[in-house]
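Counting with the working numbering, you get residues 67 to 796 for the letters of the sequence shown.
See below for the structure under consideration.
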Amino acid sequence: MYLALLVIFLQCSELYAWEKVFTFNTVEIQVQPSVKVKNGAAMSIVCHADISKSTDFQLKHNFTIFKDHKLVFMTVSDKEDARYEISVARSSDTGDYKCTVEAGGKTRTSDSLHVWVQGMTKPILTAEKKEVLEGEVVKLRCDLPEEAPPLYFFFQKIKMNSTPQQKVVFEALRNFSVMEFAVEEGDNILQFDCFGRRYVQLGFESSEHSNKTLVTVREPFIKPTLSAKPSSNITEGDRIQFECSTVVARMRDIEIILQKNKTILNSVREEKTLKYSTVATLEDSGEYLCKVEQGRASKTTKLNVHVSELFPKPILVASMNKLDENKELTLSCSISGFRKANFSILRKNSNGDIWLRNSRNLTMRVNVNDTGYYICKAEVKGIVKESKPVRINVYAPVSKPTLSVVSGLPEVVLGKPLGLICRSATGTPPITFTFYKGNEVKKTVINDTYATFLDENIRQNGKRGYKCDARNNHSSGVKTSNILNITVIVPIRNASLGSHPYGEVEDGSETTFLCSVNEGSWPIFFKIFKKNDREVLLYEKQENADRIVWRKEAMSRQDTGTYYCIASNQANVSVKSHPITINVILASWQKGVIAAFVLIPIAGAVILTSWWFLWKKKKAKGPSMEMSGSALATNSTSEKLTRQHNDGDYYSGSGYIEDNENHMKSTDESKGPDLESAEVEYTEVEVSTLDPHRAPAQKGTETVYSEIRKANNDSVENRHSRIQGHPDAT
């Protein structure tokens with residue numbers, strides 16, 4: 067029974083769970099009446115959830131509405147719609163809206179929807195003061211209370227018959243802004259307004275203009291008056307007086323300034339009138355300005371003054387402008403059409419003009435120091451005028467110039483430029499210098515005391531005589547220098563080193579070294595070096611020739627090595643030869659000594675060893691040889707070996723054998739044809755040989771050829787034995 071109840075309960079639970087299944091189809095957001103709403107109108111943001119259910123059951127929905135990713139509305143409802151009401155839409159409500167619905171643990175978000183509230187509220191403008199003085203400022207405030215920043219505020223100052231003056235302020239965090247306008251001269255009744263602007267959808271949207279605010283302006287003082295006495299048209303020498311005055315409400319901080327061409331002539335403070343007087347000159351003609359200032363207020367008045375000329379500027383005339391020293395100079399000063407004046411003649415100087423004479427004329431004998439500018443001055447009725455300056459040049463004659471090489475020495479390396487300098491110790495500049503190469507003009511220079519010339523065309527066989535002349539405006543004429551002869555130094559070219567003998571040199575012999583060059587100016591400085599591990603200077607000499615010879619009397623084994631030479635001259639260019647190698651070998655007599663002390667003992671030892679081996683062979687051959695032969699031949703051979711040993715003739719094994727073979731051959735040839743028929747018997751015997759390096763004896767096989775020639779009477783005519791050594795024998 068309990069089991070049946072449990073099964074029924076589980077089936078009911080599964081049925082209940084199956085009945086509460088749902089899913090979101092879509093979640094949408096809408097704006098009523100439209101996505102474009104006029105500023106001040108009502109609008110509704112509606113979030114709708116489309117849900118499918120397994121059965122009809124109640125489901126709680128959590129609605130959340132966002133504007134520009136910020137939460138603006140949230141509600142819980144069992145309905146599938148939620149409404150966010152905005153009764154008065156403002157531009158701040160413009161933005162991107164979306165909604166999110168959460169139900170039964172499931173969440174769905176709608177797409178984003180842009181809503182544009184068109185238009186802005188009308189701004190409110192207020193002024194701090196309704197009445198101000200010239201020079202003061204008007205402080206204004208513009209409010210957009212129902213708009214959200216960031217905002218742009220535009221302020222306008224409006225005057226009659228003029229373009230409004232506009233200022234802009236950007237407010238990132240406030241919906242109001244403050245601005246100041248200065249009240250300038252001539253402002254009386256001013257109007258101000260403002261409007262706002264905001265950034266919307268890649269563009270700007272502007273509000274209406276605010277209410278106009280009127281501000282009345284009062285003058286702190288009246289425009290000044292400026293006058294000139296006795297008149298604004300006067301003559302030089304007359305005294306002229308300027309007067310500038312105004313009417314002011316309060317004297318504090320009032321200032322009057324008189325100026326001409328931006329130069330202030332006079333000023334007064336906290337006074338109503340300014341006066342200024344001077345003796346009129348032509349330079350006093352022009353426009354004068356009187357300015358009255360108080361705080362920021364400023365008013366000006368202008369007056370033009372014309373001063374007529376009393377007399378023209380004097381003219382200074384010189385008898386000569388260029389003259390030699392010790393000559394007379396006359397200066398005359400005059401005024402065209404006017405003679406009654408006080409004249410003076412002066413010389414210009416940076417530290418002040420130097421007075422010479424109070425006169426119309428001046429005559430003086432000049433020297434070089436009198437070169438300079440001269441003027442004359444004329445005075446009439448206190449008016450002093452100055453003539454244009456006159457330049458006077460006094461010349462001293464040039465001295466004979468000297469021509470020299472810039473480097474100091476009268477020489478030049480072939481291929482290098484030659485620098486010349488021409489100087490005149492005395493002479494008034496400017497001086498004209500002319501350079502000559504031979505009789506050809508190369509360069510003309512105008513300078514003060516010297517000139518330079520660079521000759522880049524230096525040839526080995528070219529002209530080498532140079533001169534220069536100098537002249538100035540002195541009447542003495544041209545002075546010419548002495549002729550300067552230049553030595554052309556030819557650089558060293560192609561140095562070479564040779565020796566005799568060359569390559570191999572016997573120890574103790576003399577060796578001659580020859581260092582030569584193909585080209586180069588004398589004297590030439592030669593150096594001979596030897597180089598093994600380090601360089602060693604062996605010989606050096608300066609010679610007026612293109613070669614040197616150095617003899618080294620006795621060469622030694624230490625002189626083996628590499629040799630080279632270096633040649634240089636005044637061109638300061640060193641040329642190195644190709645190296646040569648010399649090997650010092652033994653002399654002939656040294657070789658003989660070595661042979662005497664080394665080879666002869668070795669040869670004696672070889673011969674003695676050979677004799678000993680032959681003696682051992684003979685001793686071993688006596689008892690073992692069985693053959694029919696003549697005892698005479700045996701005795702003859704033994705006698706011959708004994709005789710050779712006693713005579714002291716030592717031969718090497720092969721030489722010795724070769725000599726016996728020759729002897730035997732000659733003997734055989736003397737026997738004639740009878741010997742050709744002789745019978746030959748060969749017997750092989752065992753011979754013991756001695757190893758020269760070891761004590762025990764060695765056994766070897768040696769073939770002894772015995773030639774036995776028989777005659778018909780069984781007599782032995784001759785017998786020769788030939789012994790050929792084993793290859794291992796010594």
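All C-beta atoms, glycine included, are put in the ideal place defined by N, C-alpha and C.
Check	Outcome
Taking only the alpha-carbon atoms, compute the straight-line gap between Phe-519 and Arg-537 and give it to the nearest angstrom.	17 Å
Using only the alpha-carbon positions, how far apart do Thr-500 and Ala-517 sit?	9 Å
CA-CA distance, Val-244 and Gln-231?	16 Å
Would you tell me roughly how many angstroms separate the C-alpha atoms of Lys-86 and Val-112, rounded to the nearest one?	26 Å
Within 10 angstroms of the Cβ of Leu-280, are there 16 or more other Cβ atoms? Answer buried if so, exposed if not.	exposed
With a threshold of 7 Å on Cβ separation, who are the neighbours of Lys-607 within its own chain once the five nearest residues in sequence on each side are excluded?	Phe-592 and Ile-614
Buried or exposed: which applies to Thr-510, given that a residue is buried once 16 or more other Cβ atoms fall within 10 Å of its Cβ?	exposed
Name the two residues that bound the continuous beta strand (DSSP E) containing Leu-191.	190-193
With 16 other CB atoms within 10 Å as the buried threshold, where does Leu-475 fall?	exposed
Between Ser-273 and Phe-247, what straight-line distance do the alpha-carbon atoms span, to the nearest angstrom?	22 Å
Within 10 angstroms of its Cβ, does Lys-223 collect 16 or more other Cβ (buried), or is it exposed?	buried
Going straight from the alpha carbon of Ser-158 to that of Ser-176, what length do you get?	22 Å
Nearest-angstrom Cα distance between Gln-96 and Lys-145?	16 Å
Are the CB atoms of Pro-455 and Lys-414 within a distance shorter than 8 Å?	yes
Tell me whether Val-571 counts as near the ligand ADP, meaning its Cβ is closer than 7 Å to at least one heavy atom of that ligand.	In terms of ligand content, the structure shown is empty, and the ligand ADP therefore cannot be addressed.
Under the three-state reduction of DSSP, which class applies to Trp-588: helix, strand or coil?	coil
Is the segment 285-297 in contact with the segment 310-325, if contact means three or more CB pairs nearer than 8 Å?	yes
Along the chain, where does the beta strand (DSSP E) that runs through Thr-437 open and close?	Thr-437 -> no beta strand (DSSP E), and no H or E assigned at all.
Out of Asp-116, Pro-216 and Tyr-150, state which residue places its alpha-carbon closest to the alpha-carbon of Thr-173.	Asp-116
Taking only runs that begin and end inside the segment 575-654, name each unbroken alpha helix (DSSP H) of 4 or more residues, in chain order.	none
Please classify Thr-187: is it buried, with 16 or more other beta-carbons within 10 angstroms of its beta-carbon, or exposed?	buried
Answer yes or no: do Glu-202 and Arg-362 have a C-beta to C-beta separation smaller than 8 Å?	yes
Please state the DSSP three-state secondary structure of Leu-665.	helix
When the Cα atoms are used, what is the spatial distance from Val-183 to Gly-262?	15 Å
For Lys-133, which residues of its own chain have a beta-carbon under 6 Å away from its beta-carbon, when the five flanking residues on both sides are left out?	Gly-161 and Tyr-163
Contact defined as beta carbons within less than 8 Å: I believe Thr-396 pairs with Ser-385. What is the distance between those atoms, to the nearest angstrom?	4 Å
Would you mind reading off the limits of the beta strand (DSSP E) that contains Leu-340?	339-345
With a threshold of 7 Å on Cβ separation, who are the neighbours of Val-334 within its own chain once the five nearest residues in sequence on each side are excluded?	Ile-322 and Leu-340
In chain order, which beta strand (DSSP E) runs of at least 3 residues are fully inside the segment 105-158?	109-119, 127-133, 136-143 and 147-152
By Cβ distance, which residues of its chain are closer than 7 Å to Ala-148, with the 5 residues on each side in sequence left out?	Cys-113, Phe-129 and Thr-141
Only counting the same chain, and skipping five residues up and downstream in sequence, which positions put a Cβ closer than 6 Å to that of Asn-427?	Ser-398
Take Thr-291 as the anchor and find which of Ala-346, Lys-368, Glu-251 and Ser-575 has the nearest alpha-carbon.	Lys-368
For Val-554, which of Arg-525, Asp-514, Ala-407 and Ala-346 has the nearest alpha-carbon?	Arg-525
Residues in its own chain within less than 6 Å of His-566 by CB, not counting five upstream and five downstream?	Thr-578
In this structure, does DSSP put Ser-243 in helix, strand or coil?	strand
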